[in-house]
Amino acid sequence: MVGVTKGDDLSLGSMTAHDTEVLYQKGIATVRDLISPPAVKLSPNMMQIGDIFARTYFVIAYPRYLSTNWFSPIINIDFSMDVALFVHPIETADILKQLRKSSTQVQSQMSIEAEGGKVRDPILETAYQDIEALRDKLQQGTEKFFRFGLYLTVYGKDERDLSEKSSAIESLLEAQLVYVKPAVLRMDQGFASTRPIGTDTLDVANNLNTEPLSTTFPFVSSDLSSGDGILYGINRHNNSLILFDRFKLENANMVVFAKSGAGKSYTVKLEVLRSMMFGASVIILDPENEYKHLCETVGGSFMKIALNSPVHLNPFDLPKKNDDEDPEGALRSNIANLIGLLHLMLGAVTPEEDSILDRGIRETYAIRDITEKTDVSQLTAQSYPTMSDLYAVLQNMDGAESLATRLERYTEGIFGGFLNKQSNVTLNSQLVVFNIRDLEEELRPIAMYIILQYMWNEIRTEMKKRVIVVDEAWVMMQHEDAAAFLFGVAKRCRKYYTGLTTITQDISDFMTSRYGKPIVTNSSLQLLLRQSPASIETVAETFYLTDHEKFLLLESNVGEGIFFAGTKHAAIKVIASYSEDQIITSDPRQLLEIEQAKKDFDAGI
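Put into structure tokens, the structure is as follows:
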């Protein structure tokens, strides 16, 4: 059915080709029709565009001096906003005439006040100096003059939200002595000026010369070079070097998050190698045999921990006496660590059993004449008790039958050779690697706990520049006591001139633990390499990433990501020299080629 209104002329014979084309175009839905809001409501100090509220501001005054990157807090604010910058050049000759006139006026005013016996006016003197300095630069051609308009359109889901965001913008700018006003009664012109069409319909500008104008450039890359330290990589924003000495930060800890195959072990091995060149000792907990080639190349000590391994670590060992350490505190601390280890080994433990374990461990030490008063520096590895001694003590304690039964497998059962012997390890090499690849999955968190405890005792015994590396840390984070111990090391190692590097590929498991976030916040350096789509939201929430940074981490190549140092961060590309690459590579193909080259060399080929 077609409705015809009286007076409509539908005679096709009377229509020209142009009229027909116009009618045809009116019936076609364009992109403009699709993106246009259903309505626009104008108010004196805001406008409503569909369901969105908007308010446009313009800058009316700047301070005498603008520092570089002053606009960065506005650009990086955590809500949506449109910013428009309009730069209108002005002829230098015209400005020089105006400045000459202004200089004469200021000079005259100063002379009049001087003749009248008035005290000199610093404001007039400063104005005169500024005018003359600007005249010199304009005359020499090192500066130019511009009319500069800066507009900001803020959006809110309702009037209250808009007011809160507007207040945030005003506060940020006024803190830097940059003053703005809303475009009252001109909101439509302000909104149009911040559209990406390059039309300045608002036309509210300030006079700026080149130097202060350059500080308003919105895209500023962070320079993460501290001037010394080791090379972590190349800043992908500006190709500058990212140099840092982690030991000069508030703490020397670092976390590395990346999916499998993104280059996290390669990156950490590169940092380890370069740290050793600067005199740092390194101890590595290696779950997957990734550091063996590096260890052999630099002449380090490679400790293989397995059920039938000749290498043993006794969790009952105490740190050697330190002048700053209370001997009573050292024993109590180790007892607490042992209880945490036994929680991993024995499973669920009741409060009553916890108390029994505490008494049992103290009695076990007492059997070997080790008390709070013992001079630990006089003890040897053979002086300390083992798990068998604790097992014997528990067998003779009331209420400890269940504990003794569960502990038996670690003393006389299938795991008896794992942790039931005195330590026979010395950490004399600059690089020490503890490898647990051949351990059963069930024993891995226990082994990692014992190794980390042994590292911690060594750290407390002798203070020196050290880096501790814990790879696949998510294994420990799945267990409350192991995670708590790892966090304790991260929090306290700074006092012993030590930095902890925590590496994980499963950020979800890591951050699920209540100790995950504290470990991250206690790390001055943070490195994010390529992430999986499944974990990117967790990463973004933890590190407050923008959508662009999320996309960057999803699309990064091997060895590329985002490097955080304190409050700054930048996109990074990790690079190694040919020699370094040969030492730290984990590529099986390259490793086979290197092994073959060694054999050929030994054979004289």
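If you count by the working numbering, then the sequence shown holds residues 407 to 1011, one letter each, in order.
Glycine included, each C-beta is placed from N, C-alpha and C at the ideal position.
Keep in mind the model is a prediction, meaning the values are calculated, not measured.
Which residues mark the beginning and the end of the beta strand (DSSP E) in which residue i is found?
| i | result |
| --- | --- |
| residue 811 | Careful: residue 811 lies outside any beta strand (DSSP E), inside the alpha helix (DSSP H) at 807-813. |
| residue 821 | Run containing residue 821: none; DSSP gives neither H nor E here. |
| residue 566 | Premise fails: residue 566 lies in the alpha helix (DSSP H), 565-580, not in any beta strand (DSSP E). |
| residue 726 | Careful: residue 726 lies outside any beta strand (DSSP E) and carries neither H nor E. |
| residue 970 | 966-971 |
| residue 872 | 872-876 |
| residue 784 | First-last for residue 784: undefined, no H or E at that position. |
| residue 454 | 452-455 |
Please report the distance separating the alpha-carbon of residue i from that of residue j.
| i | j | result |
| --- | --- | --- |
| residue 856 | residue 1008 | 39 Å |
| residue 567 | residue 590 | 19 Å |
| residue 506 | residue 541 | 8 Å |
| residue 818 | residue 677 | 42 Å |
| residue 924 | residue 495 | 52 Å |
| residue 755 | residue 988 | 48 Å |
| residue 939 | residue 914 | 12 Å |
| residue 647 | residue 900 | 26 Å |
| residue 437 | residue 444 | 14 Å |
| residue 511 | residue 504 | 11 Å |
| residue 467 | residue 635 | 42 Å |
| residue 1001 | residue 990 | 14 Å |
| residue 673 | residue 980 | 7 Å |
| residue 471 | residue 515 | 24 Å |
| residue 765 | residue 808 | 15 Å |
| residue 785 | residue 777 | 12 Å |
| residue 413 | residue 484 | Bear in mind that a pLDDT of 46 at residue 413, under 50, signals an unreliable position, so the model cannot answer this. |
| residue 622 | residue 477 | 6 Å |
| residue 1031 | residue 919 | Residue 1031 cannot be examined here, being either before or after the span of the chain that is shown, 407 to 1011. |
So residue i is in the alpha helix (DSSP H); what residue range does that whole segment cover?
| i | result |
| --- | --- |
| residue 771 | 757-773 |
| residue 441 | 437-441 |
| residue 867 | 850-867 |
| residue 827 | Careful: residue 827 lies outside any alpha helix (DSSP H) and carries neither H nor E. |
| residue 421 | Counting along the chain, residue 421 falls outside any alpha helix (DSSP H), and DSSP gives it neither H nor E. |
| residue 793 | 793-801 |
| residue 898 | 886-898 |
| residue 515 | 498-521 |
| residue 596 | 593-599 |
DSSP three-state label for residue i, please.
| i | result |
| --- | --- |
| residue 918 | helix |
| residue 541 | helix |
| residue 980 | coil |
| residue 411 | At residue 411, the pLDDT of 48 sits below 50, so the modelled position is not reliable; the number obtained from the coordinates is stated separately. Note: residue 411 maps to coil in three-state DSSP. |
| residue 463 | strand |
| residue 940 | coil |
| residue 718 | coil |
| residue 671 | helix |
| residue 416 | Because the pLDDT of residue 416 is 49, which lies under 50, any placement of that residue in the model is unreliable, and the number read from its coordinates should be weighed accordingly. Residue 416: coil per DSSP, three-state reduction. |
| residue 901 | helix |
| residue 951 | coil |
| residue 909 | strand |
| residue 485 | coil |
| residue 692 | strand |
| residue 624 | coil |
| residue 643 | coil |
| residue 665 | coil |
Please report the Cβ distance between residue i and residue j, rounded to the nearest whole angstrom; I am assuming they are in contact, meaning their Cβ atoms lie under 8 Å.
| i | j | result |
| --- | --- | --- |
| residue 638 | residue 978 | 7 Å |
| residue 659 | residue 906 | 5 Å |
| residue 945 | residue 934 | 6 Å |
| residue 964 | residue 668 | 6 Å |
| residue 688 | residue 830 | The Cβ separation is near 21 Å, so there is no contact. |
Are the C-beta atoms of residue i and some chain B residue less than 8 Å apart?
| i | result |
| --- | --- |
| residue 780 | This model lacks chain B altogether, as it is built from one protein chain only. |
Problem - Three or more C-beta pairs below 8 Å linking the region 650-661 and the region 690-704 - result: no
Problem - Validate contact between the region 953-965 and the region 678-693 using beta carbons, cut 8 Å, 3 pairs - result: no
Handout entry: Stretch pair the region 971-984 + the region 699-714: three plus CB contacts closer than 8 Å
Key = no
Exercise for the section: Report yes or no: do the region 444-457 and the region 510-527 share at least 3 C-beta pairs separated by less than 8 Å? Expected result: no
Practice task
State whether the region 566-582 contacts the region 457-465, with contact taken as three or more CB pairs (one from each stretch) at a distance under 8 Å.
Solution key: yes
Handout entry: the region 551-568 in contact with the region 427-437 per 3-pair CB rule at 8 Å
Key = no
Handout entry: Segment contact flag, the region 811-826 with the region 788-799, C-beta cutoff 8 Å, min 3 pairs
Key = yes
Practice task
Say whether the region 824-836 touches the region 845-864, bearing in mind that this needs 3 or more beta-carbon pairs closer than 8 Å, one atom from each stretch.
Solution key: yes
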